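Data first, discussion second: the structure below is written as structure tokens.
Residue numbers (the working numbering), protein chains in the order written: chain A, 3 to 110; chain B, 53 to 173.
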């Protein structure tokens with residue numbers, strides 16, 4: 003069992019839909035990161051959370067420390083949101099522990 | 053704006069040559085930098101961890117003599133792929149970790165560079 007797990011692995015949505023990507027972790031973490039990677043592109047840090055909720059534009063990230071669960075929400079999705087979304091836990095051990103990623107395709 | 057930069061963003065070289073990739077933290081001091089490689093449609097694979105002023109720690113299976121890492125300052129780390137071969141063609145990504153100071157205080161933070169696409173002919 004991976005220490006950081008994401009679901010779903012693949013997600014197809016219609017433009018305008020509300021999207022949720024889930025991340026659960028089985029180890030203690032000091033922070034959880036949500037990252038975005040467009041095809042052939044670099045990684046963009048979207049959020050770093052240690053508690054509660056953060057919002058940036060149409061993106062919202064929440065974390066529940068007790069349940070060891072985080073969600074990334076995209077409101078009013080757009081084709082340009084199509085990318086791979088990765089959650090990663092900071093366990094304090096050197097590098098981040100990555101989830102396997104969620105490949106999102108938003109169709110017009 | 054970007055807080056970690058990489059240079060070059062892409063490079064094409066001949067087999068047998070060496071390629072140097074730079075990773076810079078732009079507005080914070082990175083006490084630790086990480087180097088990853090990524091093959092198409094696969095996840096990031098950690099290659100090595102470098103702490104400023106000390107030798108890098110390599111992951112199992114990564115040849116330290118082939119992938120030379122230098123972290124001479126708190127804002128710069130370099131990865132040199134020596135005697136590159138076509139199988140070294142990949143996307144190389146760095147991330148930088150350190151304290152970032154803002155008006156609200158300081159945060160232990162980690163940001164990724166945009167990546168460098170290496171193609172070895």
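No residue lacks a Cβ here, since even glycine has one placed at the ideal position from N, Cα and C. Keep in mind the model is a prediction, meaning the values are calculated, not measured.
Residue-level contact to chain B via CB, residue i, 7 angstroms cutoff
| i | result |
| --- | --- |
| residue 82 (chain A) | no |
| residue 44 (chain A) | yes |
| residue 96 (chain A) | yes |
Under 8 angstroms from the C-beta of residue i: neighbouring residues of chain B
| i | result |
| --- | --- |
| residue 2 (chain A) | Chain A is shown only over 3 to 110; residue 2 (chain A) falls outside these bounds and no answer can be derived. |
| residue 103 (chain A) | 95 |
Below-7 angstroms beta-carbon distance, residue i vs any chain E residue
| i | result |
| --- | --- |
| residue 167 (chain B) | The displayed structure is made up of protein chains A and B, and chain E is not among them. |
Neighbour flag for residue i against chain A, beta carbons, 7 angstroms
| i | result |
| --- | --- |
| residue 110 (chain B) | no |
| residue 144 (chain B) | no |
| residue 119 (chain B) | no |
| residue 86 (chain B) | yes |
| residue 101 (chain B) | yes |
Environment of residue i [buried if 16+ CB atoms lie within 10 Å]
| i | result |
| --- | --- |
| residue 64 (chain B) | exposed |
| residue 35 (chain A) | buried |
| residue 150 (chain B) | buried |
| residue 140 (chain B) | buried |
| residue 154 (chain B) | exposed |
| residue 117 (chain B) | exposed |
| residue 79 (chain B) | exposed |
| residue 28 (chain A) | exposed |
| residue 173 (chain B) | exposed |
| residue 91 (chain B) | exposed |
| residue 62 (chain B) | exposed |
| residue 135 (chain B) | exposed |
| residue 20 (chain A) | exposed |
| residue 147 (chain B) | buried |
Helix, strand or coil at residue i according to DSSP, with G and I counted as helix
| i | result |
| --- | --- |
| residue 96 (chain A) | coil |
| residue 117 (chain B) | coil |
| residue 83 (chain A) | helix |
| residue 139 (chain B) | helix |
| residue 69 (chain B) | coil |
| residue 43 (chain A) | coil |
| residue 4 (chain A) | coil |
| residue 155 (chain B) | coil |
| residue 65 (chain A) | strand |
| residue 126 (chain B) | coil |
| residue 20 (chain A) | coil |
| residue 74 (chain B) | strand |
| residue 79 (chain B) | coil |
Neighbouring residues, chain A, relative to residue i (Cβ below 8 angstroms)
| i | result |
| --- | --- |
| residue 164 (chain B) | 37, 44, 45, 46, 47 |
| residue 161 (chain B) | 50 |
When you compare the stretch 78-90 of chain A with the stretch 34-48 of chain A, are there three or more beta-carbon pairs, one atom per stretch, that lie closer than 8 angstroms? Contact check between the stretch 78-90 of chain A and the stretch 34-48 of chain A: three or more CB pairs, one atom from each, fall below 8 angstroms, which counts as touching.
Decide if the stretch 63-77 of chain B is in contact with the stretch 67-75 of chain A; the criterion is three or more beta carbon pairs, one per stretch, under 8 angstroms apart. The stretch 63-77 of chain B, when compared against the stretch 67-75 of chain A, does not touch it at the 8 angstroms Cβ threshold.
Decide if the stretch 96-104 of chain A is in contact with the stretch 4-16 of chain A; the criterion is three or more beta carbon pairs, one per stretch, under 8 angstroms apart. The stretch 96-104 of chain A, when compared against the stretch 4-16 of chain A, does touch it at the 8 angstroms Cβ threshold.
Pairs of beta-carbons, one from the stretch 119-133 of chain B and one from the stretch 100-110 of chain B, closer than 8 angstroms: are there three or more? Counting Cβ pairs under 8 angstroms, three or more are found: they touch.
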